[in-house]
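Protein chains in written order, with the UniProt record's numbering: chain B, 1 to 77; chain R, 1 to 247. Here is the structure we will look at, set down as structure tokens.
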Amino acid sequence: MSTIEERVKKIVGEQLGVKEEEITNASSFVDDLGADSLDTVELVMALEEEFETEIPDEEAEKITTVQEAIDYVVAHQ
Amino acid sequence: MSIEGKVALVTGASRGIGRATAYALGKMGAIVVGTATSEGGANSISEGLAEQGIQGKGMVLNVTSQESVDSVLKEINAEFGAPLIVVNNAGITKDNILMRMKEDEWDDVQDTNLKSVFRVSKAVLRGMTKARWGRIVNISSVVATMGNMGQTNYAAAKAGMEGFTRAMAREVASRNITVNSVAPGFIATDMTDALPEEQHDMLKKQIPLARLGQPEEIANAVAFLASEGAGYITGETLQVNGGMNMR
Numbered sequence: 001m002s003t004i005e006e007r008v009k010k011i012v013g014e015q016l017g018v019k020e021e022e023i024t025n026a027s028s029f030v031d032d033l034g035a036d037s038l039d040t041v042e043l044v045m046a047l048e049e050e051f052e053t054e055i056p057d058e059e060a061e062k063i064t065t066v067q068e069a070i071d072y073v074v075a076h077q
Numbered sequence: 001m002s003i004e005g006k007v008a009l010v011t012g013a014s015r016g017i018g019r020a021t022a023y024a025l026g027k028m029g030a031i032v033v034g035t036a037t038s039e040g041g042a043n044s045i046s047e048g049l050a051e052q053g054i055q056g057k058g059m060v061l062n063v064t065s066q067e068s069v070d071s072v073l074k075e076i077n078a079e080f081g082a083p084l085i086v087v088n089n090a091g092i093t094k095d096n097i098l099m100r101m102k103e104d105e106w107d108d109v110q111d112t113n114l115k116s117v118f119r120v121s122k123a124v125l126r127g128m129t130k131a132r133w134g135r136i137v138n139i140s141s142v143v144a145t146m147g148n149m150g151q152t153n154y155a156a157a158k159a160g161m162e163g164f165t166r167a168m169a170r171e172v173a174s175r176n177i178t179v180n181s182v183a184p185g186f187i188a189t190d191m192t193d194a195l196p197e198e199q200h201d202m203l204k205k206q207i208p209l210a211r212l213g214q215p216e217e218i219a220n221a222v223a224f225l226a227s228e229g230a231g232y233i234t235g236e237t238l239q240v241n242g243g244m245n246m247r
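Right under this line is the structure:
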């Protein structure tokens with residue numbers, strides 16, 4: 001069973017088309033990984049599916065880095 | 001990718017342009033969900049589709065209610081899968097000259113004809129984004145560009161719809177989703193039957209093809225924009241009006 005961190009990084013890699021080794025916890029989706037506004041929405045959709053949760057829009061807006069995504073998932077397990 | 005087996009949603013499909021469009025998409029192999037505001041309307045859509053040998057059904061939808069949009073989308077997703085072809089056709093008229101127009105005549109037309117497009121288009125985007133394929137076709141009107149006496153509310157809503165079409169087309173183009181409008185001229189439907197006969201005669205004089213259009217002639221244009229062959233057309237408004245609004 002992979003850790004939450006690994007699962008988040010895998011999804012980020014798939015959604016944004018970047019290699020997992022290029023992704024660090026501090027990576028910003030937009031500034032470091034080249035996501036556009038639609039990408040970030042789709043990323044949240046993918047996280048919702050992977051972790052079987054619903055992320056409200058106001059929360060989703062605050063998730064801008066890999067670490068923030070991990071923190072959100074951990075807090076809402 | 002043909003539209004064979006794809007789910008198509010057509011709002012306002014119990015009669016007129018909506019019904020003809022539902023049939024045209026069904027003939028191209030789509031599974032069609034047509035909506036009406038009443039149970040009776042939804043049943044007649046189901047029966048009509050069955051008679052035509054088209055897979056799908058009618059459902060009750062009130063496009064002015066977010067709740068109704070959400071629940072119908074949920075039902076479609078569960079029963080048929082995500083709709084990848086969506087025709088925003090539901091619309092009403094509440095004509096009056098501006099000096100007599102009531103606020104509710106203005107508001108009702110904006111809500112049913114324009115805000116509905118926002119509600120439905122937003123609700124179907126998730127499925128289209130995931131599929132990396134989608135077709136949205138909004139049914140506008142020649143009145144959006146020409147204007148028409150007694151229709152400030154309707155013309156404003158339809159012109160708004162065409163602007164929405166262009167903005168949304170830019171937003172979702174990278175996901176291979178196209179958004180277009182079809183602007184019918186005067187088509188023989190219940191909506192134009194309500195016009196007085198003198199106006200019909202006057203109208204025909206302004207139409208180079210000298211007749212009202214048939215709902216099927218609009219449906220053909222919508223079906224084309226929904227097809228694979230129209231994949232490089234987006235943000236466009238296709239005029240289908242017998243030549244009355246050449247530009």
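Note that CB positions come from ideal geometry on N, CA and C, so glycine has one too.
Item: N- and C-terminal bounds of the alpha helix (DSSP H) containing asparagine 153(R); Value: 152–172
Item: DSSP three-state assignment for lysine 57(R), whether helix, strand or coil; Value: strand
Item: N- and C-terminal bounds of the alpha helix (DSSP H) containing leucine 16(B); Value: 4–16
Item: Contact under 9 Å by Cβ, alanine 90(R) with valine 222(R); Value: no
Item: Chain B contact for glutamate 171(R) (CB, 9 Å cutoff); Value: yes
Item: Threonine 237(R) beta carbon less than 9 Å from that of alanine 156(R); Value: no
Item: Cβ contact check for the stretch 51–71 of chain R and the stretch 112–120 of chain R: 3 or more pairs under 8 Å; Value: yes
Item: Cutoff 9 Å: aspartate 36(B) Cβ touching any chain R Cβ; Value: yes
Item: Residue burial classification, residue 120(B) (beta-carbon count within 10 angstroms, cutoff 16); Value: Any question about residue 120(B) goes unanswered here, given that chain B covers just 1 to 77.
Item: Which listed residue (Met246(R), Arg166(R), Val72(R) and Ala82(R)) has its alpha carbon closest to that of valine 143(R); Value: Met246(R)
Item: Inter-residue spacing [alpha-carbon to alpha-carbon] between residue 263(R) and valine 74(B); Value: Only positions 1 to 247 of chain R appear in the structure, and residue 263(R) is not among them; the question remains open.
Item: Cβ-Cβ separation, threonine 234(R) to threonine 145(R) (assumed contact under 8 Å), whole Å; Value: 19 Å between Cβ atoms; not a contact.
Item: Pairwise C-alpha distance: valine 33(R) and isoleucine 76(R); Value: 8 Å
Item: Through-space distance from glutamate 20(B) to alanine 82(R), alpha-carbon basis; Value: 30 Å
Item: Pair within 9 Å by beta-carbon distance, valine 27(B) and valine 12(B); Value: Strictly speaking, residue 27(B) in this sequence is serine, with valine absent from that position. Yes, the pair counts as a contact, with Cβ atoms nearer than the cut-off.
Item: Simplified DSSP state of residue 249(R), which is helix, strand or coil; Value: Nothing in the structure corresponds to residue 249(R), since chain R is present only between 1 and 247.
Item: Residue nearest to methionine 59(R) in terms of C-alpha spacing, selected from Gln214(R), Tyr232(R), Lys74(R) and Glu162(R); Value: Lys74(R)
Item: Spatial distance of asparagine 96(R) from threonine 112(R) (CA atoms); Value: 17 Å
Item: Exposed unless 16 or more other CB atoms sit within 10 angstroms - verdict on methionine 161(R); Value: buried
Item: Candidates Ile23(B), Asp71(B), Pro56(B) and Lys10(B): closest to residue 151(B) by CA position; Value: No statement about residue 151(B) is possible, as the shown extent of chain B runs from 1 to 77 and does not include it.
Item: Chain B residues whose Cβ lies nearer than 9 Å to that of threonine 129(R); Value: Leu38, Val41, Glu42 and Met45
Item: Listed by chain order, chain B residues near arginine 175(R) by CB distance under 8 Å; Value: Leu38
Item: Nearest-angstrom Cα separation, counted from threonine 24(B) out to lysine 62(B); Value: 18 Å
Item: Collapsed DSSP secondary structure at serine 116(R) in the structure displayed; Value: helix
Item: Paired residues, beta bridge with glutamine 239(R) - DSSP; Value: Ala183(R)
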